[in-house]
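Asks: Residue numbers (my numbering): 35 to 234. Backbone N, C-alpha and C define an ideal beta-carbon position, used for all residues, glycine too.
#1: So, residue 82 versus residue 44, is the Cβ gap smaller than 8 angstroms?
#2: Assuming residue 198 contacts residue 209 under a Cβ cut-off of 8 angstroms, what Cβ separation, rounded to an integer in Å, is found between them?
#3: If you draw a straight line from the alpha carbon of residue 67 to that of residue 211, how long is it in whole angstroms?
#4: Could you give the first and the last residue of the continuous alpha helix (DSSP H) run that contains residue 235?
#5: In chain order, what residues of the same chain have a beta carbon less than 8 angstroms from the beta carbon of residue 147, not counting five sequence neighbours either side?
#6: Just verifying my parser: in three-state terms, what is the DSSP assignment at residue 135?
#7: By Cβ distance, which residues of its chain are closer than 7 angstroms to residue 121, with the 5 residues on each side in sequence left out?
#8: For residue 95 versus residue 46, is the C-beta distance shorter than 8 angstroms?
#9: Do residue 61 and residue 190 count as a contact pair if the criterion is CB distance below 8 angstroms?
#10: Could you pull out every residue in the same chain whose Cβ sits closer than 8 angstroms to the Cβ of residue 74, ignoring the five residues on either side in sequence?
#11: Could you work out which residue in 92, 201, 118 is closest to residue 107 when comparing CA atoms only?
#12: Leaving out five residues before and five after residue 104 in sequence, what residues of the same chain have Cβ atoms less than 6 angstroms from its Cβ?
#13: Looking only at its chain, what residues have a beta carbon closer than 6 angstroms to the beta carbon of residue 221, apart from the 5 residues adjacent to it on each side?
#14: From the DSSP output, which residues share a beta bridge with residue 193?
#15: Rounded to the nearest angstrom, what separates residue 88 and residue 161 at their Cα positions?
#16: Around the C-beta of residue 168, are 16 or more other C-beta atoms found within 10 angstroms, so that it is buried, or is it exposed?
#17: Taking the alpha-carbon of residue 266 as reference, which of 185, 170, 165 has the nearest alpha-carbon?
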């Protein structure tokens, strides 16, 4: 795994037309920590997360990962991985190919990417499901596959957008504990966006 990165958000704003979604936020997230961004829907949490990841342009300010200003870098060169609220799994691919997809895009050979994807599925205790499709899984299982897919890129920081929102209350409690345990064992920086005080 990669070394964890400190995330430094410096006077960042995001403006959509006449609407200010994020106004002059500054935040330092220490390397190797689990940080929750908590707030009501529409307050700019997801926009902030997407600006860290590079999926959203910044209107003003800078984002640094470690000592590197990543504001103008594309997502693939930032050292981050993002797990989306919807999990965004490809319905036509089996789990091993879903997890290996980003490696395929980077030109990694089929045998190597499948071996690495299987290692990630093992980490998530999902190796027995490698040949299944996402529709054959529960919400919690889909979440684990989405985590495996994000972690296969060996990120310095993992960005989680409302990762527990689609789960039932019992599964939320279990997965919250599993996320913290995973972060502790990997030692990388986790940033978790939620509107739920209970989740934070």
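Replies: Quick answer:
#1: no
#2: 6 angstroms
#3: 15 angstroms
#4: This structure leaves residue 235 out entirely; the chain is present only between 35 and 234.
#5: 134, 137, 138
#6: helix
#7: 176, 177, 180
#8: yes
#9: no
#10: 229
#11: 92
#12: 97, 112
#13: 38, 66
#14: 116, 225
#15: 31 angstroms
#16: buried
#17: Here the chain comprises residues numbered 35 to 234, so residue 266 is not present and cannot be evaluated.
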